[in-house]
Structure formats: C-alpha cells, structure tokens
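This report refers to the structure that appears directly beneath it.
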Amino acid sequence: MKRRTFLKAGLATGATAVAVNAGMLVPNTVFAAWNEAAFKTKSVDEGMSAVFGATNAADSADVKLKAPAIAENGAVVPIEVDATAIKGVESIAIFASKNAVPLACTYKLSGAAQGFAAVRIKMGETQDVVAVVKAGGKLFKAKSEVKVTIGGCGG
Amino acid sequence: MADISFRLKAENKGDAYEIKALFKHPMESGMRKNKATGEVYPADFINEITAKLNGTPVMVAEWSGAVSQNPFLAFKVAGKAGDKLEVSCTSNKGDAGTQSTDLA
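In order, the protein sequences belong to chains A and B. Residues in the first sequence are numbered consecutively from 1, following the working numbering. Residues in the second sequence are numbered consecutively from 1001, following the working numbering.
Here it is, written out as structure tokens:
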C-alpha cells in the first residue's frame, strides 16, 4: 500500500519535477505556493491573467513606476513601484514585456504593508516595463520604456 | 540544502518603515548557457520571500529567475517602534534563510 501511494504521488508530481529538471525534489518545493504556471507564461497578458485572473488593467497616474530610461547593464535594472496613493493595495506584479518570461516578480501585500515594492531585474533587450497593481478588486497599471545597452539574459 | 544569507534593514521614513533586504544569491534563471560547452546552467533562484510583522504575514513575494543576481528587495510597512519584522526566503532548490530585525 505504501508503495502504491508513493507511485501515485510520483505520477502527480512527475511533470513538475521534469519541468524543473530534478527528479528528487523535496515535497515542500513542489507544493509550495509559488505560482509556477504564471512564471511560464510568454506574454504580459497571459501573465496578468495567470496572476490576477484578468487583463483589464486601467492606466493610472497613481501607480508610479520608477525605471531608468537607459540601462547600461541589462543584468541589473532597478525598478520601483510606488502605489501608496491607492488605498488597500493587495498585490503588485512587475513585467518586462519582451523577456522570455515577461513576469519577473509578484508581491502580495496585506495588513500593515503599503503599496510599494522595489527590486532589480534582468532585461534582455530594450523593452517596456509594466507594473500592475491590484486594489479593491480593480487592476491599475503603468509602463515605462527602458533602453538596454547590453542585454542581461544571455551568456 | 544550503543557507541563503542576506542582510535586512528597516528605515524609519516617518509615515512608514522601509524594509530593505540584500540577498547573496546567483539567481540562475535556468535559461543561460555556458558558451564553451553549450550546457545550460541549472535554475537556482530565490522564488519565495515572506515577511512577517509581529508574526503576521504582511508581504509574500514570488520571484522568477529574471530577478538580478544578488537581489535587492524593498517594501514598506506601517509599523511602530518595537515591532518585530521577520523575513524568510526559499529557493527553487529548497535552500532557505531567515533574518529578523526590530523596528526602531
């Protein structure tokens, strides 16, 4: 019986394990809340629906996206999203539109956390950075073009 | 499983505390190739970070391999002096690290 359960579990997690190229993953990694499906999407819209379940984000001046106009080194592009002007921000997602997987990171905020997030991301080429903010069930976005002199995803 | 080491700092900005964390990690996306051999460097990146204020989760970040090497993270919490902030992270390989600081 134990063997049977083990086999079943193996089948269920098999696809995931192959996908991350490791057969002996610890269960807590496989079943972590990490949204693997969203981090496999190939476009901003797909990523947005995987994270938020919708793509109808409205442009908003209250989402302040700080990104450099020109990034000399695409491997380290500082991005800052300040949506503290919006009340009750639930989550923030940052996309680099032309990266192989545009979704770079998401932040779920609750309680005492304010609508603010900063991070440094890699960008392969000149492209738009899109920040999407969810507050009160609505989506807001802002975008900014970053010119990349040396791409940061090759090697 | 290795430990992920990082530095954690809380700055009082008046209306809120800005929490900054600087991790020491290669953030290998799993898409980069070794030019000489054509082999793909296996993915190894921090994919989840959780911050707790006095034990209550306030921020959960999910990262992809597109976050830069030795990543930087900042967020803001409306806390008060004496509050305890704990940040823990895990990687896709199961490596983990935890740090905590008191808001001042």
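Yeah, the Cβ is synthetic: ideal placement off N, Cα and C, and Gly gets one too.
- Gly-111, Ala-112, Ala-113, Gln-114, Gly-115, Phe-116, Ala-117, Ala-118, Val-119, Arg-120, Ile-121, Lys-122 and Met-123: these are the residues of the stretch 111 to 123 of chain A whose beta carbon lies less than 9 Å from some beta carbon of chain B, given in chain order.
- In the structure shown, the three-state DSSP call for A:Phe-39 is helix.
- Separation of the CB atoms of A:Val-76 and A:Gly-137 is rounded to 35 Å, and the pair is thereby denied contact status at 8 Å.
- Among the residues of the stretch 1057 to 1068 of chain B, those with a Cβ less than 9 Å away from any Cβ of chain A are Pro-1057, Val-1058, Met-1059, Val-1060, Ala-1061, Glu-1062, Trp-1063, Ser-1064, Gly-1065, Ala-1066, Val-1067 and Ser-1068, in the order of the chain.
- Listed by position along chain A, the residues whose Cβ is nearer than 7 Å to that of B:Asn-1047 are Trp-34.
- Taking 9 Å as the threshold, the shortest C-beta distance from B:Ala-1081 to chain A does not fall below it.
- Where A:Phe-52 is concerned, the enclosing alpha helix (DSSP H) starts and stops at 44 to 52.
- In terms of Cβ geometry, B:Ile-1046 and B:Val-1087 do not form a close pair [threshold 9 Å].
- In this structure the stretch 85 to 99 of chain A does not lie against the stretch 1083 to 1102 of chain B, because fewer than three pairs of beta carbons, one per stretch, are closer than 8 Å.
- The three-state reading of DSSP puts A:Ile-86 in coil, since its state is none of H, G, I, E or B.
- The Cβ of A:Leu-65 sits no closer than 9 Å to any Cβ of chain B.
- At a cut-off of 9 Å between beta carbons, B:Lys-1024 makes no contact with chain A.
- Within the stretch 1002 to 1018 of chain B, the residues whose Cβ lies closer than 7 Å to some Cβ of chain A are Ala-1016, listed in chain order.
- Sequence-distant Cβ neighbours of B:Ser-1005 in its own chain, meaning closer than 7 Å and more than five residues away, are Lys-1024 and Gly-1097.
- When only Cα atoms are considered, A:Ala-112 and B:Asp-1044 end up about 31 Å apart.
- In chain order, Tyr-1041, Pro-1042, Ala-1043, Asp-1044, Phe-1045 and Gly-1065 place their CB closer than 8 Å to the CB of B:Glu-1028, counting only its own chain and leaving out the 5 sequence neighbours on each side.
- At least one CB of chain B lies nearer than 9 Å to the CB of A:Pro-78.
- Taking a contact as a CB-CB distance under 8 Å, the pair A:Ala-50 and A:Ala-37 counts as one, their CB atoms being some 6 Å apart.
- The criterion of a C-beta distance shorter than 9 Å is satisfied by A:Lys-66 and A:Val-81.
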